[in-house]
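The sequence shown runs 3 to 292 under my numbering.
We put the beta carbon where it would ideally sit given N, CA and C, even for glycine.
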Amino acid sequence: MRLGRGSRTPDRPLSHARSRDNVLTLIRSRGDETTPEEDDEATLRALLISLQNQITIMSIQLNARLDQLQQRGIVADVQLETSVALSEIRSQLRELTKSVESCQTEVHEVKRDMANIKDELHVVQQVKEEIEELREYVDRLEEVTHKRKLHLLSQGLTFFLTYTILSAMLGMFQFGYNTGVINAPQKEIETFVKNVYKERYLSELSEEGAKQLYSIAVAVFAIGGMLGGFSGGSLADRFGRKGGLLLNSFIGIAGGVLMGTTKFFRSYEILFIGRFVIGINCGELIVQLW
């Protein structure tokens, strides 16, 4: 900046050096007590304070120089130009201060986001460790299961294994046998129905009527099986799988007794009831086995 003929710029290197020394001393004194993030903030704040101090010193020196120029008779427009320049410097300094404060706010937000990310990464790491532990547990369990299978295979066909296989087979046999057992004696059943009907009502039953009664004996098994399938789950939940199978065995015995005594009591209705009861037995049996 030109101040006029015979004027010279104020000597400021000494003041600047002192300001820099003060800033460095402040940073060194805080460096041992703070974290790296706090050191960055402290450095930025110290530089800003140093800049403000330098501007203040420059303003004081310029004002003193203007006073000297006025005493020597230098024109007043030089003071006006210097004052305008100082005002511009101060406005720029205020804008710089606002920018620094805005940067500090953004830095705080970034730090907060980084802290949240670190927490999430910590949670993810914990979940990963739990997954690894679960995987190791599953691997150990598979290894133990494999060893047990090899041990069972090495034992061969044991009594317990044979008993289990036969129990499952006989359970399915009960269902399959009662499904198809009524097909072969169709003619005998129709003849029995006609004879019983004639003994009761003293009249002949037509072939169509006998076939309809036979169809009822066949179909009522499926109705009982449906009801047994619906009630099998509740029975198993209440008495357990083993208890449900034992209780269901008595139902099967009751159905077999009813069908076996049909000819003795001369009643085809007992055959229908027995088929219905054995249907319930087979329906509940399927649920228990599976």
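From which residue to which residue does the alpha helix (DSSP H) around Asn250 run?
Against the sequence shown, residue 250 aligns to sequence position 248. From DSSP, the alpha helix (DSSP H) with Asn250 extends over 209–262.
In the structure shown, what three-state DSSP assignment does Ile272 receive?
By one-based count along the sequence shown, residue 272 stands at place 270. DSSP places Ile272 in helix when its eight states are reduced to three.
Have a look at Leu207, Ile191, Ser236, Thr166 and flag the residue whose alpha-carbon is nearest the alpha-carbon of Tyr216.
Locating residue 216 in the sequence shown gives position 214, where the first residue counts as 1. Ranking the options by Cα distance to Tyr216, first place goes to Ile191.
Keeping to the same chain, check which residues put their C-beta closer than 7 Å to that of Ser61; ignore five residues upstream and five downstream.
By one-based count along the sequence shown, residue 61 stands at place 59. Excluding sequence neighbours, Ser61 sits near Leu88.
Return helix, strand or coil for Gln106, following the three-state DSSP convention.
The residue given as residue 106 occupies position 104 in the sequence shown. The answer is helix: DSSP assigns Gln106 an H, G or I state.
Contact between the stretch 238–251 and the stretch 174–194: three or more CB pairs below 8 Å?
Cβ pair count under 8 Å is below three, so no.
Use the C-beta contact count for Ile255: other C-beta atoms within 10 angstroms, 16 or more gives buried, fewer gives exposed.
The sequence position of residue 255 within the sequence shown is 253, counting from 1. Ile255 should be labelled exposed.
For the alpha helix (DSSP H) containing Thr193, name the first residue and the last one.
Position 191 of the sequence shown, counted from the first residue, corresponds to residue 193. Here the alpha helix (DSSP H) through Thr193 covers 188–203.
Using a Cβ-Cβ cut-off of 6 Å (strictly less than) and excluding sequence neighbours within five positions of Tyr270, which residues of its own chain qualify?
Working through the sequence shown from its first residue, we reach residue 270 at position 268. Within the same chain, Tyr270 has close Cβ partners Val195, Val198.
Go through its chain and collect everything with a Cβ distance to Cys284's Cβ below 7 Å, but skip five positions before and after it.
Residue numbering aside, residue 284 sits at position 282 when the sequence shown is read from its first letter. Around Cys284: Gln176, Phe177, Asn180, Gly227, Gly230.
Just how far apart, CA to CA, sit Leu163 and Ala224?
Counting from 1 along the sequence shown, the entry for residue 163 is found at position 161. Counting from 1 along the sequence shown, the entry for residue 224 is found at position 222. Computed Cα separation, rounded: 32 Å.
Going straight from the alpha carbon of Tyr139 to that of Gly182, what length do you get?
Here residue 139 is taken as the residue at index 137 of the sequence shown, counted from 1. Here residue 182 is taken as the residue at index 180 of the sequence shown, counted from 1. Cα to Cα, Tyr139 sits roughly 49 Å from Gly182.
Are the beta-carbon atoms of Gly257 and Val222 separated by less than 7 Å?
By 1-based counting over the sequence shown, the position of residue 257 is 255. By 1-based counting over the sequence shown, the position of residue 222 is 220. Against a cut-off of 7 Å, the Cβ pair of Val222 and Gly257 comes out as no contact.
So Arg240 and Met261 are supposed to be a Cβ contact under 8 Å. How far apart are they, rounded?
Counted from its first residue, the sequence shown places residue 240 at position 238. Counted from its first residue, the sequence shown places residue 261 at position 259. In fact, because the Cβ distance is near 28 Å, the residues do not count as touching under 8 Å.
Could you tell me the distance, in whole angstroms, from the CA atom of Glu286 to the CA atom of Lys130?
Counting from one through the sequence shown, the residue named residue 286 turns up at place 284. Counting from one through the sequence shown, the residue named residue 130 turns up at place 128. Looking at the two C-alpha atoms, the distance is approximately 45 Å.
From Ile57, Met116, Met171, pick the residue whose C-alpha is nearest to that of Glu90; which is it?
As a first step, residue 90 is located in the sequence shown; it is residue number 88 there, counting from the start. If we check each option's Cα against that of Glu90, Ile57 comes out closest.
Using 7 Å as the threshold, is the C-beta distance between Ala212 and Phe274 below it?
Within the sequence shown, the letter at position 210 stands for residue 212. Within the sequence shown, the letter at position 272 stands for residue 274. Their beta carbons are not under 7 Å apart, which means Ala212 does not touch Phe274 by this criterion.
Using the Cα positions of Asn250 and Glu132, report the straight-line distance between them to the nearest angstrom.
In the sequence shown, the residue the question calls residue 250 occupies position 248. In the sequence shown, the residue the question calls residue 132 occupies position 130. For Asn250 and Glu132, the distance between alpha carbons rounds to 45 Å.
DSSP on Asn185, reduced to helix/strand/coil?
Numbered from 1 along the sequence shown, position 183 holds the residue referred to as residue 185. Asn185: coil per DSSP, three-state reduction.
Select from Leu64, Ala66, Asn65, Thr99 the residue whose C-alpha is nearest the C-alpha of Ser52.
Residue 52 sits at position 50 when you count from the first residue of the sequence shown. Minimum Cα distance to Ser52 is reached at Thr99.
So, helix, strand or coil for Gly158, using DSSP?
Counting from one through the sequence shown, the residue named residue 158 turns up at place 156. In the structure shown, Gly158 sits in coil (DSSP, three-state: anything other than H, G, I, E or B).
In this structure, does DSSP put Glu206 in helix, strand or coil?
Against the sequence shown, residue 206 aligns to sequence position 204. The answer is coil: DSSP assigns Glu206 none of H, G, I, E or B.
Can you tell me the Cβ-Cβ gap for Ile282 and Ile253, rounded? I've got them flagged as a contact below 8 Å.
As a first step, residue 282 must be located in the sequence shown, where it is residue number 280. As a first step, residue 253 must be located in the sequence shown, where it is residue number 251. Right, the Cβ-Cβ distance comes to about 6 Å (below 8 Å), so this counts as a contact.
Please report the Cβ distance between Glu209 and Lys200, rounded to the nearest whole angstrom; I am assuming they are in contact, meaning their Cβ atoms lie under 8 Å.
As a first step, residue 209 is located in the sequence shown; it is residue number 207 there, counting from the start. As a first step, residue 200 is located in the sequence shown; it is residue number 198 there, counting from the start. 14 Å between Cβ atoms; not a contact.
Rounded to whole angstroms, what's the CA-CA distance from Gly234 to Gly242? Just pull it up for me.
Stepping through the sequence shown from its first residue, residue 234 is reached at position 232. Stepping through the sequence shown from its first residue, residue 242 is reached at position 240. Gly234 and Gly242: Cα-Cα distance of roughly 11 Å.
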